[in-house]
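Q: Before anything else, here's the structure in question.
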Amino acid sequence: MKEEILRGLTDSVVSGDVEKCVQYAKRALEAGIDAYEAIMEGCARGMSLVSEKYEKGEMYVPEILCSAEAMYAAMDVLKPHLKTERVGTPRKVVLGVVRGDIHDIGKNLVKLMMEAAGFQVIDLGRDVPNERFVEAVLKEGADICGMSALMTTSMIFMPEIIRELKQKAPATITMVGGGPLSQELAKAYGADGYAKDAAAAIRVAKELLSRRGGM
Ligand code: B1M
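Quick look at the structure:
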């Protein structure tokens, strides 16, 4: 039953069927499936398959956008049921997709999961100029600055932002993620952390905060 519902969610994200996706999200809740699991094992798994299919030439852009709509619709149903962890003082995360890059599906997933984990997320959106990251971190007194990039042509702005932050807000933890990034690249960029997906982003953020003595 559980497997069937999660598969139903995955398949309806892949086929971009908003109505079915919403139905499966509701069924997941009725069946007592944890909303976090439904999002990660159902919806996010569907979006990963979509990316793979695109790479193989089995799916095209308009279909991908329908898949994203279906995923967002299911997430709207599931989000109010996420068990939000209450951390002592909510930690602030400034999050955005770097300059020149409008790929925000992954960033939105990271945002949702971080909020569910009890973080306060200041979402700068996509195609964010370097200076806006720095301004927002300073204005908000953010604990973490999270940068997402899906293109090799946009990820190159990350080390510039990180350098600027190390000078102006040295206590702020910097985290990077997105398709072309890796642990090695993150290190070369001077980032404090790298996460390969939304679940890892939470784990890494918590580890870095506790190392800094703030979690
Ligand atoms: Co485009 N695109 N796209 N695209 N697109 C890619 C990224 C590409 C790899 C496809 C390819 O050619 N093989 C390629 C980039 C190549 C490169 O590196 N240079 C590419 C290109 C070239 C382009 C255009 C230039 C195409 C054109 O117009 N000629 C154009 C660029 C526009 C721009 O940004 N200026 C473009 C446009 C688009 C659409 C608008 C059609 C659409 C984006 C819609 C949107 O986001 N609102 C789109 C899509 C959907 C994709 C693919 C197919 C899928 C991306 C996605 O949403 N995946 C992508 C191919 C691929 O990735 N295989 C591709 C699902 C999502 C859940 O995963 O985003 O990886 P992801 O996020 C994950 C992790 O990466 C991680 O967690 C997320 C959740 O688990 N993560 C973080 C992400 N950020 C994180 C931050 C963290 C931690 C983890 O900490 C801060």
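In the numbering used here, the protein residues as written are 82 to 296. We put the beta carbon where it would ideally sit given N, CA and C, even for glycine.
In angstroms, rounded to a whole number, what distance separates the CA positions of Asp204 and Gly294?
A: In the sequence shown, counting from the first residue as 1, residue 204 sits at position 123. In the sequence shown, counting from the first residue as 1, residue 294 sits at position 213. Looking at the two C-alpha atoms, the distance is approximately 24 Å.
Q: Is Arg207 helix, strand or coil when you go by DSSP?
A: In the sequence shown, residue 207 corresponds to position 126, counting from 1. In this structure, Arg207 counts as strand in the three-state DSSP scheme.
Q: Do Thr253 and Val218 have their C-beta atoms closer together than 7 Å?
A: In the sequence shown, residue 253 corresponds to position 172, counting from 1. In the sequence shown, residue 218 corresponds to position 137, counting from 1. For Thr253 and Val218, yes; Cβs fall inside 7 Å.
Q: Just mark Thr170 as buried or exposed, buried being the case when its beta carbon has 16 or more other beta carbons within 10 Å.
A: One-based indexing of the sequence shown puts residue 170 at position 89. Thr170 comes out exposed.
Q: Specify, as a first and last residue, the run of the beta strand (DSSP E) that Leu87 falls within.
A: Sequence index remark: in the sequence shown, residue 87 carries index 6 (1-based). Looking at the DSSP string, Leu87 is not in any beta strand (DSSP E); the run it does join, the alpha helix (DSSP H), is Lys83 to Val95.
Q: Looking only at DSSP bridge pairs, what is Lys173 linked to?
A: As a first step, residue 173 must be located in the sequence shown, where it is residue number 92. Lys173 pairs with Gln201.
Q: Determine the DSSP secondary structure at Ala279, reduced to helix, strand or coil.
A: Your numbering for residue 279 matches position 198 in the sequence shown. The answer is helix: DSSP assigns Ala279 an H, G or I state.
Q: According to DSSP, is Met232 helix, strand or coil?
A: Along the sequence shown, read from residue 1 onward, the residue named residue 232 stands at position 151. Looking at Met232 - three-state DSSP - the assignment turns out to be coil, as it is neither helix nor strand.
Q: Please report the residue range of the alpha helix (DSSP H) in which Ile145 lies.
A: Locating residue 145 in the sequence shown gives position 64, counting from the first residue. Per DSSP, Ile145 belongs to the alpha helix (DSSP H) from Val142 to Leu159.
Q: Measure the CB-CB distance between Lys173 and Ala250 and report whether it falls below 7 Å.
A: One-based indexing of the sequence shown puts residue 173 at position 92. One-based indexing of the sequence shown puts residue 250 at position 169. No.
Q: Using 6 Å as the cut-off, classify the Cβ of Thr234 as near or not near the heavy atoms of the ligand B1M, replying yes or no.
A: As a position in the sequence shown, residue 234 is number 153, starting the count at 1. At least one heavy atom of the ligand B1M is nearer than 6 Å to the Cβ of Thr234, so yes.
Q: Can you tell me whether DSSP reads Ile254 as helix, strand or coil?
A: On the sequence shown, position 173 is the one that residue 254 refers to. If DSSP states are grouped into helix, strand and coil, Ile254 belongs with the strands.
Q: At which residues does the alpha helix (DSSP H) containing Ser129 begin and terminate?
A: Taking the sequence shown and counting its residues from 1, one reaches residue 129 at position 48. Element bounds for Ser129: Arg126 to Glu136.
Q: If I measure Cβ to Cβ from Ile183 and keep anything under 6 Å in the same chain, skipping five residues before and after, which residues do I get?
A: Counted from its first residue, the sequence shown places residue 183 at position 102. The answer, listed in chain order, is Arg207 and Asp208.
Q: For Val191, which residues does DSSP report across the bridge?
A: As a first step, residue 191 is located in the sequence shown; it is residue number 110 there, counting from the start. Paired residue(s): none; Val191 is not in a bridge.
Q: Let me know the secondary structure DSSP gives Ile237 once reduced to three states.
A: Here residue 237 refers to the residue found at position 156 when the sequence shown is read from its first residue. Coil, per DSSP.
Q: Leaving out the 5 sequence neighbours to the left and right, which residues in its chain are closer than 7 Å to Lys192 when beta-carbon positions are compared?
A: On the sequence shown, residue 192 is found 111 positions in, with the first residue counted as 1. Answer for Lys192: Leu176, Val202 and Asp204, listed in chain order.
Q: Val215: buried (16+ other C-beta within 10 angstroms of its C-beta) or exposed?
A: Along the sequence shown, one-based indexing puts residue 215 at 134. Classification of Val215: buried, given that the 10 Å Cβ count is 16 or more.
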